[in-house]
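Enquirer: Just so you know, the sequences run in chain order C and X. Each number in the working numbering corresponds to the 1-based position in the first sequence with 127 added. Each number in the working numbering corresponds to the 1-based position in the second sequence with 127 added.
Number of protein chains: 2
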Amino acid sequence: MNETTPTGRARGIDRVIALMDHLHRRRAPTRIADLARDSGMPRSTVYELVNTLVDARWLDFRETEGTVYFGPAMHYFGNDYLDSIDLIRKARGEVAQLAASVGETAQLCMLDGNKYLVVLNEAGRRMFRISSDVGVKVPIPWTASGRLLVDHMSPDEIRDFIPEDDFVLPDGRRIGIDEFMGDMATAHARGFSRTTGLVDRFTTCLAVPVRDLAGRCVATVCFVVPAETTAEEQATMIATLQDCAARLTFPA
Amino acid sequence: MNETTPTGRARGIDRVIALMDHLHRRRAPTRIADLARDSGMPRSTVYELVNTLVDARWLDFRETEGTVYFGPAMHYFGNDYLDSIDLIRKARGEVAQLAASVGETAQLCMLDGNKYLVVLNEAGRRMFRISSDVGVKVPIPWTASGRLLVDHMSPDEIRDFIPEDDFVLPDGRRIGIDEFMGDMATAHARGFSRTTGLVDRFTTCLAVPVRDLAGRCVATVCFVVPAETTAEEQATMIATLQDCAARLTFPA
DNA sequence: GGCCCATGTCCGAAATACCAGACTACAGTT
DNA sequence: AACTGTAGTCTGGTATTTCGGACATGGGCC
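Encoded structure:
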């Protein structure tokens with residue numbers, strides 16, 4: 128009552144949502160008691176929730192460790208989601224094929240609000256894989272894809288859209304807005320975007336835009352490769368990405 | 128009170144679970160009013176639920192059509208699930224590679240209770256794809272994989288385990304238990320299983336077991352191909368599957 | 001045996017979410 | 001303009017759920 132209480136909200140469910148979000152943030156099987164403590168919910172409530180969710184297969188209970196984590200029902204629902212988005216459905220096979228044929232990690236990325244979002248990720252075949260989790264969001268300026276995803280915006284729009292802090296890299300370096308705008312123009316002109324040593328020093332990202340019929344970049348396909356990859360190798364990869372993007376850009 | 132009321136169950140959540148299951152069974156974006164009618168819940172309750180779930184991104188609301196369907200949060204949770212199961216995590220790339228390199232639909236399958244379950248599915252490159260949805264369950268006797276997944280059981284155990292009705296194919300034909308047992312023995316001896324024209328007349332399934340260290344078949348990798356695929360092509364595919372299964376069978 | 005700690009269940013008073021149904025808004029039809 | 005149907009919101013009283021805390025169980029350790 129004292130807080131903003133939006134009408135028409137089923138607050139009873141907040142517990143479930145909080146619980147699942149908690150597990151998602153931990154990204155690891157968790158003991159029920161810990162769930163209760165860390166999420167601040169009453170122990171008995173969490174036990175009830177978990178019992179119910181395990182029955183529904185939303186969660187798996189691992190007897191041996193006494194922990195819970197996401198269950199198969201989430202996989203089914205997630206799959207339904209992927210299939211329901213036309214672009215993503217088509218891109219699934221394409222991204223898998225990119226990773227399989229080239230052997231490097233391939234991704235499909237989109238914007239989510241003012242962040243860059245990894246929608247699909249297929250790991251490459253390296254012993255030490257460079258790979259990020261699906262659902263990960265990072266600041267737009269940290270990525271090659273980011274330079275394409277906002278390439279329809281004016282400098283002023285970009286200044287408004289991207290938070291000031293997002294121009295600071297993980298190691299503290301700052302990307303100038305002018306530099307960013309320059310990268311963007313280059314990428315737009317060449318039809319691909321390359322960045323090296325941004326998120327970490329050893330990685331190069333190669334990204335190519337997937338555009339809608341209005342020419343707006345709605346997604347990117349990209350490879351994440353070691354920085355020492357040769358220019359010729361990179362050229363081949365970019366050509367592969369462009370073929371792939373072309374298939375996604377003009378769908379049947 | 129009048130029904131069995133298991134203690135320690137959070138019945139308030141049943142509404143959410145029912146709602147999501149309903150969407151999953153429909154496998155299509157659905158108008159809220161329809162959800163309410165078909166699931167037998169009060170309209171106002173469903174509106175509240177949907178509002179809350181859309182906020183949490185568990186559901187997407189599609190303005191243009193006035194429908195709801197699964198949202199990105201489900202994708203993230205589903206991915207967490209896949210990553211949490213060691214075998215499945217490893218198999219993701221492998222299955223993608225199978226489909227990409229051979230160009231036919233590849234799957235990872237496991238048992239779920241007494242049914243055969245499609246856990247991973249990567250569609251091949253054919254114009255008319257033979258492909259089933261992840262999460263689909265079918266009777267064990269309908270599939271090549273099924274013959275491997277129960278190959279540790281005795282005839283009596285199998286009779287107990289597989290429901291009588293599951294030996295009836297979609298077109299009404301009945302598979303004899305003896306015939307099934309024979310297939311099973313052959314498959315076990317040869318290290319792969321082949322069935323033709325079971326689920327439908329035009330399809331052949333080729334399956335290879337993924338075994339745990341005790342030698343028990345915990346999963347299969349398989350190709351689903353047109354029945355007219357030549358014997359040589361099939362032999363190559365089986366070799367490919369066996370390589371793949373070997374990598375999954377002896378993990379690091 | 002006695003103690004401690006963790007997991008899991010149970011209870012009932014207190015809090016609150018559920019839901020029937022009224023209501024607004026808008027669009028199409030007669 | 002009146003009528004009908006559909007989409008969505010709002011409200012209040014009560015039936016239901018929540019949750020603090022007690023209880024039960026089962027190690028592990030001295």
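C-beta atoms are modelled at their ideal positions from N, C-alpha and C, and glycine is treated no differently.
Is Arg-343(C) close to chain X, meaning its C-beta is less than 8 Å from at least one C-beta of that chain?
Expert: So no, Arg-343(C) is outside the interface.
Enquirer: Determine the chain X residues that contact Val-143(C) at a beta-carbon separation under 7 Å, and present them in chain order.
Expert: By Cβ distance, chain X contributes Ile-140 and Val-143.
Enquirer: Got a sec, what are the start and stop residues for the beta strand (DSSP E) Val-265(C) sits in?
Expert: Here the beta strand (DSSP E) through Val-265(C) covers 264-266.
Enquirer: So Tyr-196(C) contacts chain X; which residues on that side make the cut at Cβ distance below 8 Å?
Expert: Under the 8 Å cutoff, chain X gives Asp-207, Tyr-208 and Ser-211.
Enquirer: According to DSSP, is Thr-157(X) helix, strand or coil?
Expert: Thr-157(X): strand per DSSP, three-state reduction.
Enquirer: Just to confirm the assignment: which complete beta strand (DSSP E) runs, minimum length 3, are found wholly within the stretch 225-304 of chain X?
Expert: Fully enclosed beta strand (DSSP E) runs of 3 or longer: 232-239, 242-249 and 264-266.
Enquirer: Following the continuous beta strand (DSSP E) through Ala-334(C), name the residue where it begins and the one where it ends.
Expert: Ala-334(C) -> beta strand (DSSP E) spans 330-338.
Enquirer: For the stretch 161-172 of chain C against the stretch 155-167 of chain X, do three or more pairs of beta-carbon atoms, one drawn from each stretch, fall closer than 8 Å, so that the two count as touching?
Expert: Taking 8 Å as the limit for Cβ pairs, the verdict is that the stretch 155-167 of chain X does not touch the stretch 161-172 of chain C.
Enquirer: If you reduce the DSSP assignment to three classes, tell me which class Asp-327(X) lands in.
Expert: Note: Asp-327(X) maps to coil in three-state DSSP.
Enquirer: So within the stretch 140-194 of chain C, which uninterrupted beta strand (DSSP E) runs reach at least 3 residues, ignoring any that extend past its ends?
Expert: Whole beta strand (DSSP E) segments, 3+ residues: 186-189.
Enquirer: Between the Cα of Phe-204(C) and the Cα atoms of Thr-179(X), Arg-153(X) and Ser-281(X), which residue gives the shortest distance?
Expert: Phe-204(C) has its Cα closest to that of Arg-153(X), out of Thr-179(X), Arg-153(X) and Ser-281(X).
Enquirer: Measure from the alpha carbon of Glu-192(X) to the alpha carbon of each residue in Leu-176(X), Trp-185(X), Ala-200(X) and Arg-158(X), then state which is nearest.
Expert: Closest option to Glu-192(X), Cα to Cα, is Arg-158(X).
Enquirer: Less than 8 Å separating the beta-carbons of Ser-272(C) and Ser-320(C)?
Expert: Cβ distance < 8 Å, so Ser-272(C) and Ser-320(C) count as in contact.
Enquirer: Any Cβ of chain C within less than 8 Å of the Cβ of Leu-276(X)?
Expert: Not closer than 8 Å to any Cβ of chain C, the Cβ of Leu-276(X) fails to qualify, so no.
Enquirer: Hey, how far is the Cα of Leu-180(X) from the Cα of Arg-274(C)?
Expert: Straight-line Cα distance between these residues: approximately 32 Å.
Enquirer: Give me the Cβ distance between Leu-333(C) and Gln-369(C), rounded to the nearest whole Å; I'm assuming they're in contact under 8 Å.
Expert: With a Cβ gap of about 10 Å, Leu-333(C) and Gln-369(C) do not count as contacting.
Enquirer: My understanding is that Asn-380(X) touches Ile-289(X), with C-beta atoms under 8 Å, so please give their C-beta distance in whole angstroms.
Expert: Outside the displayed span of chain X (128 to 379) sits residue 380(X), for which this structure offers no information.
Enquirer: With a 10 Å radius around its C-beta and 16 neighbouring C-beta atoms as the bar for buried, classify Phe-307(X) as buried or exposed.
Expert: So Phe-307(X) counts as buried.
Enquirer: Between the stretch 158-176 of chain X and chain C, which residues of the former have CB atoms less than 8 Å from a CB of the latter, in chain order?
Expert: Those residues of the stretch 158-176 of chain X that come within reach of chain C (Cβ to Cβ, closer than 8 Å) are Thr-172, Tyr-174, Glu-175 and Leu-176.
Enquirer: Do you know whose CA, among Asp-305(C), Ile-212(C) and Gly-324(C), lies nearest Asp-283(C)'s CA?
Expert: Checking every option, the nearest Cα to that of Asp-283(C) belongs to Asp-305(C).
Enquirer: Taking Cβ to Cβ, would you say His-315(C) is nearer than 8 Å to Leu-209(X)?
Expert: No, the pair does not count as a contact, with Cβ atoms beyond the cut-off.
Enquirer: Pull out every residue of the stretch 227-254 of chain C whose Cβ sits closer than 7 Å to any Cβ of chain X, in chain order.
Expert: Cβ contacts with chain X come from Ala-227, Ser-228, Glu-249 and Ala-250.
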